[in-house]
Structures are given as structure tokens and as C-alpha cells.
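Right, one structure below, let's go through it.
Residue numbers (this note's numbering), protein chains in the order written: chain A, 1 to 233; chain B, 1001 to 1298.
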């Protein structure tokens, strides 16, 4: 579904992502793990078009790396941004409406129902401002908002950040469920253990390059990964 | 001074205030989405006046057609200004855009000076807006009654757009978070153009009513009302549309009342708007409706 070839991201003189290659196959969960500043978020931003990268990004075989962000989003990619970034001044329902911005009016109602089924808490609070939600609830809203566009590829940037372990488990269960329903997912995480348990395939990013890659279950067993990312001796 | 005069002055103040409010909305909306104080906004009032003047006095259109065309053309001017002057600076420092706005202001003033000359033109006031009505011995000029009604109608339409349409929703979301709106598949440039179009449309509307109130127009006429409308926007809490309308009313009413109550201070009437602004900001630095400067609110 997504092929990234020799991707480079520069911020001025800083070379944040240095020629990485990876694939996200149809129907799979792929995770990019790594420390803070390894280039994970920059990679996602490059894919969605928020930063202009060098290299090739093929989505369903089509080169998208030079398209503007809103057209990339319309072509079927959604990003749940780091820090959730829900629109705190809009209601929950309005946030969902923003997510389904390019949907026809008659398509919206069934989509709302679907989201409320997936995240019952959002239904109870549909008319509240998103700013009144807790961190975990905002994360669910951010995911629901991204799903409103019915993306073929769902990308998440650090969805576990700042959430209590119980809530993280809940969020990851939902991701697993979404994947079972056929959604392709690209997950960026610092929480390597959780991410590798969930994913089919993993890439370890270090200083903007891919240090390791492999089946997620294999990476979980890998000594190097265990030592550096799972905090084991 | 008796009640009749107070009432007359109050209506007068509300009418003037709604003109400031209409312009203040443009300041506040543009600031809300791109964090720019568009100093050329007052000049759009002037552009609207001259377009309407041209429509009526030179092209002999019926007044309503001239007014409508003027507002639409001014909206287009606003959009073009953004595309040509501000859009290339979207990622530049804010001060660059601010200075550009001042440059655009000079450009508009001087272009119209070249085209129409510096001699004030008599704005042709349609008869519907002339005259006055007498209610129980209190005389109200028609224009003073019609102005706030028209302003209210357009304010309602605007609030409807902001809260009930998806593009209005995008405008409100944009005032909070640019990047995230883009990844929702929203063409942000289009939304910003709409904001400029709405703001300029309302400024032209205000300009036309201003011209019917004070029917001698010149190319620099937009400066002072523009500045006061800016004061109104800050007073109301910049970023808030309702705040802008309220700020406009406060500035308009206080200006008229100061002159009515203290005729000897009439020469200082322009200063009072700003004095009032300073006073309010001392106690509420974010303005009346402003709560959190980091968050969009309209």
C-alpha cells in the first residue's frame, strides 16, 4: 500500500531522516520505533505532506511526495498527530465533522454511528467542547476523527504518549480491532514493547536511519532491541 | 439635556458602532486564522465606497446593484491582496507580514488617489436612505435606523456560516491549529481566501453606509474608521467575532455620547476611542471576550 524509498527530511541544515526505505503492506500493522528525535515523526509528516521530503513516497503505486497535504489526505491517508491535537474549541461532533470534511452529507450519519459504536464515550459527550475531554478521551476522539475520512492507511504518531497504562491498552485494543476489520496501520511509538506486540512488522529508527527491521515478534526477541528499547539488561 | 436628545444620540451611537463593528469583524477574523493585523483593512472600506460611487454616479446602476457589486468586487480585492501580498509570507516572521499590510494600505490609498483624484467626491445617497422619521417627537435619520438593522442581519448570517457550515467550522478550527486542519483534507488556502472575502465584503458594506452618513468621500477616508475598528476588535478581544461586534458598539456609542455630553471636548472625539481602549486593556488585557490568547474562539 505504501512504499517509501530513499526518504530524506531536512529542517534547514538538520538532516532529520537520512535515506530510509520501508513498506507498509495491505492489511498489516507496521510500526516505526525509536528514541525521541530518531526521525519517526518527521517520517509521518513527510508522508502526509506537512514537510517537503526528498525521495519517493508511493501510495497505492502513485507518487505523492510532491502533493499538497490536503490532497494527500483526500487520497486516503489519515494521520492521528502527536499530542492528539483535537480542536479544543469545537464540539466532539464538530471534530468528527472536520475529520469527514470531504464526505457528502448523507455519508456522515452512518459514520458518526460507527464512531460512537467504537468509542461510546464520544456519544455521551457529542455536544461538549473537545477541550473538556481527558487525555485518553481526546486520543479516542483524535482516532475517531481520523477514521471519519475512511482512510485506507491510518497513521498514528505516539498514541500512547502521556496516557495511563490502562488507557494505552484500550487504545491498542481498538487499533487491533480496526486492523482486523482490514485497516492498514502505520504506528509510530516510543513505547516499543506495546507497539511490537501489536504490529506485524517493525522498523527501528536511530538518528534518522533504519538500524534494524524485521517481523515484530522477532524484534521483541532481539537482544539489542530488548536492551535499548525495552529497558532490559 | 433631555431624554429625547439622549435617545437620539444613543441611536446615533448604535448606528456608528455597528459600522465600526462590521469592519472590526474583518480584523478579528483575519487575525484569528493567520495571526495578521491587516492594516489595509480600513482601506477596503474606502475601496467599497468608491466602487459604489462608480456604480451609481458613473455607470448609472440602480443603487442596490451598485452596492452589491461593490461589496462583491471589494471581496475580490481582499482575496487578491491576500494571494499577492500575504500568502507568499505565510511562513515568514509576523512582522514582515505586518509591514506588508502597511504597504498594501499605502498602495490602495495612493492608487485611488491617482484614479479618482484627491478632491472629495459627493457620494450619491439613494432616497430610501435619506430623510428622517419622527417617532413621538424624536427625530431619527433613516440611515441611523437602517444601519444597525442591516449590520445585525449580516452578523447573523456570518454567525450562521461560522457555526453551521463546514467551511465556517474549518475557519474556527484554523484559528486553533493550521496543520491539523490541513491533514483533514481541507484546502487551507481556500478557507483563508473565504475569510478575506467575508471580511472585505463586510468592510465594503460598512464603507457604503459610512459614505451615506458622511457623503463626502476621499481616498484617505478609510484610515480613521479603520483604526477605530481595529481598536474595537482589540477591545472586544481579538479573534472573537461577537467581541468585535460588541467592541464596535462600545466605541461608537462612547464616541457619540462623549460629544453629546461634553460638547467642549468634541474636538477630542477621535482620541476617546483609543483612551477607552487603553483603559479597558489595563484591566482586561485580552479584551472583553478574549480569554486565552493561544486559542481560537470564533
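For every residue, glycine included, the Cβ atom is placed at its ideal position computed from N, Cα and C. A quick note: this is a predicted structure, and the numbers were derived from the prediction, not measured.
Problem - Any alpha helix (DSSP H) of 4 or more consecutive residues that is wholly inside the region 1163 to 1238 of chain B - result: 1166 to 1174, 1178 to 1182, 1188 to 1213, 1223 to 1236
Exercise for the section: Compute the Euclidean distance between the alpha carbons of residue 41 of chain A and residue 1093 of chain B, then round it to the nearest angstrom. Expected result: 25 Å
Exercise for the section: Kindly provide the ranges of any alpha helix (DSSP H) runs that are 4 or more residues long and lie completely inside the region 39 to 86 of chain A, ordered along the chain. Expected result: 40 to 48, 69 to 74
Problem - is_contact[residue 1294 of chain B, chain A] using C-beta, thresh 7 Å - result: In this prediction, residue 1294 of chain B scores a pLDDT of 49, lower than 50, which makes its location untrustworthy; no coordinate-derived value is stated.
Practice task
Could you pull out every unbroken alpha helix (DSSP H) segment of at least 4 residues lying fully inside the region 121 to 161 of chain A, listed in chain order?
Solution key: 135 to 147
Exercise for the section: With a floor of 3 residues, list each beta strand (DSSP E) that falls wholly inside the region 1111 to 1154 of chain B, ordered by position along the chain. Expected result: 1132 to 1135, 1138 to 1141
Exercise for the section: For my contact list, residue 1181 of chain B and residue 1197 of chain B are in at a C-beta cut-off of 8 Å; report their separation, rounded to the angstrom. Expected result: Not really, about 18 Å apart at Cβ, beyond 8 Å.
Exercise for the section: With 9 Å as the limit, tell me which residues of the region 54 to 65 of chain A have their beta carbon closer than that to any beta carbon of chain B; keep them in chain order. Expected result: none
Practice task
Could you run through the region 136 to 149 of chain A and flag, in chain order, every residue whose CB is less than 8 Å away from some CB of chain B?
Solution key: 145, 149
Practice task
Tell me, please, whether the CB atom of residue 120 of chain A is closer than 7 Å to any CB atom in chain B?
Solution key: no
Exercise for the section: For residue 136 of chain A, I'd like the list of residues in its chain whose CB is within less than 8 Å of its CB, leaving aside the five on either flank, ordered along the chain. Expected result: 163, 164, 167, 170, 171
Handout entry: Segments of 4+ residues assigned as alpha helix (DSSP H) that fall wholly inside the region 208 to 232 of chain A
Key = 216 to 221, 223 to 229
Practice task
Anything in chain A within Cβ reach of residue 1177 of chain B, meaning under 8 Å, just list it in chain order.
Solution key: 85, 87
Practice task
Please decide whether residue 1091 of chain B counts as near chain C, where near means a Cβ-Cβ distance under 7 Å.
Solution key: Protein chains A and B are contained in the structure displayed, whereas chain C is not.
Handout entry: CB-CB length for residue 1045 of chain B against residue 1023 of chain B, believed under 8 Å
Key = 6 Å
Handout entry: Burial state of residue 45 of chain A, where buried means 16 or more other Cβ atoms lie within 10 Å
Key = buried
Problem - Partners in chain A for residue 1185 of chain B, counting only beta-carbon separations shorter than 7 Å - result: 70, 73, 74, 101, 102, 149
Practice task
Tell me whether residue 70 of chain A is buried or exposed, calling it buried when 16 or more other Cβ atoms sit within 10 Å of its Cβ.
Solution key: buried
Practice task
Assuming residue 1245 of chain B contacts residue 1162 of chain B (C-beta within less than 8 Å), just tell me the rounded distance between them.
Solution key: Not a contact, Cβ separation roughly 12 Å.
Practice task
Using a Cβ-Cβ cut-off of less than 8 Å, give me the residues of the region 1163 to 1175 of chain B that come near chain A, in sequence order.
Solution key: 1166, 1169, 1170, 1172, 1173, 1175
Exercise for the section: Compare the C-beta of residue 1028 of chain B with all C-beta atoms of chain A and state if any pair is closer than 7 Å. Expected result: no
Problem - residue 1125 of chain B versus B/1139, B/1233, B/1071, B/1213, residue with shortest Cα-Cα distance - result: B/1213
Problem - Backbone CA spacing between residue 1137 of chain B and residue 1254 of chain B [nearest angstrom] - result: 24 Å
Practice task
Report yes if the CB atom of residue 1228 of chain B is closer than 7 Å to the CB atom of residue 1020 of chain B, and no otherwise.
Solution key: yes
Handout entry: Closest residue to residue 1184 of chain B among A/76, A/173, A/180 (Cα-Cα distance)
Key = A/76
Problem - Within chain B, the residues that residue 79 of chain A reaches when beta carbons sit closer than 8 Å - result: 1183
Handout entry: Chain-ordered neighbours of residue 98 of chain A on chain B, where CB pairs are closer than 9 Å
Key = 1166, 1169, 1170, 1173, 1180, 1181, 1184, 1186
Practice task
Determine whether the Cβ of residue 48 of chain A lies closer than 7 Å to any Cβ atom of chain B.
Solution key: yes
Exercise for the section: Give the residues of chain B in contact with residue 94 of chain A, contact being defined as C-beta atoms less than 7 Å apart. Expected result: 1169
Handout entry: residue 6 of chain A - DSSP class collapsed to helix/strand/coil
Key = strand
Handout entry: Span separating the alpha-carbon of residue 91 of chain A from that of residue 1041 of chain B
Key = 31 Å
Problem - For residue 198 of chain A and residue 29 of chain A, believed in contact at Cβ under 8 Å, the rounded distance - result: 6 Å
Exercise for the section: Helix, strand or coil for residue 14 of chain A, going by three-state DSSP, please let me know. Expected result: strand
Problem - Counted within 10 angstroms of its Cβ, other Cβ atoms place residue 1027 of chain B as buried (16 or more) or exposed - result: buried
Problem - Whether residue 1148 of chain B touches residue 1278 of chain B by CB criterion (7 Å) - result: no
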